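As structure tokens, the structure follows; a few thoughts come after it.
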Amino acid sequence: MINGKSILITGGTGSFGKQCVKMLLERYSPKKLIVFSRDELKQYEMRQVFNQPCMRYFIGDIRDYSRLKRALENIDIVIHAAALKQVPAAEYNPFECIKTNVLGAQNLIEACLDAKVQHVVALSTDKAAAPINLYGATKLCSDKLFVAANNIKGTRDIRFSVVRYGNVMGSRGSVIPFFLQQRKTGVLPITDPEMTRFNIRLCEGIEMVLWALENAWGGEVFVPKIPSYRITDLARAIGPDCEQRIVGVRPGEKIHEEMITESDSFNTVDLGNYYVILPAGASYNTKNYCARTGAQKVRPGFRYDSGSNERFLSVEELRILIEAYAVEEDLADQ
70 MINGKSILIT GGTGSFGKQC VKMLLERYSP KKLIVFSRDE LKQYEMRQVF
120 NQPCMRYFIG DIRDYSRLKR ALENIDIVIH AAALKQVPAA EYNPFECIKT
170 NVLGAQNLIE ACLDAKVQHV VALSTDKAAA PINLYGATKL CSDKLFVAAN
220 NIKGTRDIRF SVVRYGNVMG SRGSVIPFFL QQRKTGVLPI TDPEMTRFNI
270 RLCEGIEMVL WALENAWGGE VFVPKIPSYR ITDLARAIGP DCEQRIVGVR
320 PGEKIHEEMI TESDSFNTVD LGNYYVILPA GASYNTKNYC ARTGAQKVRP
370 GFRYDSGSNE RFLSVEELRI LIEAYAVEED LADQ
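And the structure:
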């Protein structure tokens, strides 16, 4: 599937992109692997680590259709990770977030259709399910665009699908590196003691993307079965002697994150390791999908959120994961 193929990763200098490049180079022999992003410094730094003959670095913005189209020439596979992701920044700069996350997504879809790309997997977020902040709303819109793109592909041999997962452990701007830094002060700010979040390791997210590339029919939103944690347990794991100071929920934040809403349940199936939200409507043969994949329909009214999840990480489990993350970060900095 990947050996001998040309692959482009949008937002390829981010946490996901760097780890994805690492795993692709370790496991496969791609013909070409293109990192597409806006930041020349991050590309320079990444080039010091990943400079294999197949590697290419393109400076460009997904808002720029003509640059995207040029970068996608002779590309077989696209992994779309570019986005503006910080909730407070999106609330303060709403249309900038819309231009990247929505208009940029449509640019990419049209450029992929024109360039005869074969597989496209777009990264989503739990904040796209029943969104209450602008970032989540733009990612829901993006998800809808990628799912609907399968309706306009005509006779082209291309599949668009989406991978949706929760907080990536240790990603830029996330709570774990923030708490690790903040514990030096002896105080960890807690937005709400009832708050929960999903947790997924970066390597697990990439494994899911690679699985989707191999197995997607086109139009699916893939959702992993992953554990949750309580924000107070995370604070105890990182700073057991720190004061937990309640600071209140920030604008656009939920107490519990969702990945599948009750409304999604009517077209959601269980694949074992993953749930799959299938496109709604008579045009998608859900019965055929279940018959060929072995998937089972979930019960009507099913929902999947971090607060009612069946699996929660304990303080000790969190501590072990955080220690492993810190070791990986130290090795990456050497």
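Residues 70 to 403, numbered by this note's numbering, are exactly what the sequence shown covers, in order. We put the beta carbon where it would ideally sit given N, CA and C, even for glycine. No experiment lies behind these values; they were computed from the predicted model shown.
query	result
Buried or exposed: which applies to Phe105, given that a residue is buried once 16 or more other Cβ atoms fall within 10 Å of its Cβ?	buried
From the DSSP secondary-structure annotation, give me the bridge partner or partners of Glu327.	Asp374
Is Ala150 near the ligand ZN, in the sense that its beta carbon is under 6 Å from a heavy atom of that ligand?	Absence of the ligand ZN from the depicted structure is noted, as is the absence of any ligand whatsoever, leaving it without description.
Have a look at Gly86 and Leu282 and give me their C-alpha separation to the nearest angstrom.	16 Å
Distance, Cα to Cα, Ile71 vs Trp280?	11 Å
Should Leu347 and Asn336 be called a contact, given that it needs their Cβ atoms to be closer than 7 Å?	yes
Helix, strand or coil for Lys100? Go by DSSP, reduced to three states.	coil
What are the start and end residues of each continuous alpha helix (DSSP H) run of 4 or more residues lying completely inside the region 248 to 323, in chain order?	271 to 284, 300 to 307
Please list the terminal residues of the continuous beta strand (DSSP E) segment that includes Phe127.	124 to 128
To the nearest angstrom, how far is it from the Cα of Glu379 to the Cα of Lys100?	42 Å
In three-state terms, what does DSSP make of Thr82?	coil
From the DSSP output, read off the bridge partner residues of Ile146.	Ile76, His188
Considering Cα atoms alone, identify which of Phe247, Asp302, Met277 is closest to Val232.	Met277
Could you name the residues of the same chain whose beta carbon sits closer than 8 Å to that of Leu150, not counting the 5 residues immediately before and after it, in chain order?	Looking at the sequence itself, residue 150 is Ala, so the reference to Leu does not match. Correct list, in chain order: Ile78, Thr79, Gly80, Gly81, Gly83, Phe85, Gly86, Cys89, Leu192.
Does the distance from the C-beta atom of Pro258 to that of Val316 stay below 7 Å?	yes
Three or more C-beta pairs under 8 Å: does that hold for the region 166 to 184 against the region 294 to 306?	no
Just reading off the beta strand (DSSP E) that Phe229 is part of, what are its end residues?	228 to 232
Using the three-state DSSP reduction, which class does Thr337 fall into: helix, strand or coil?	strand
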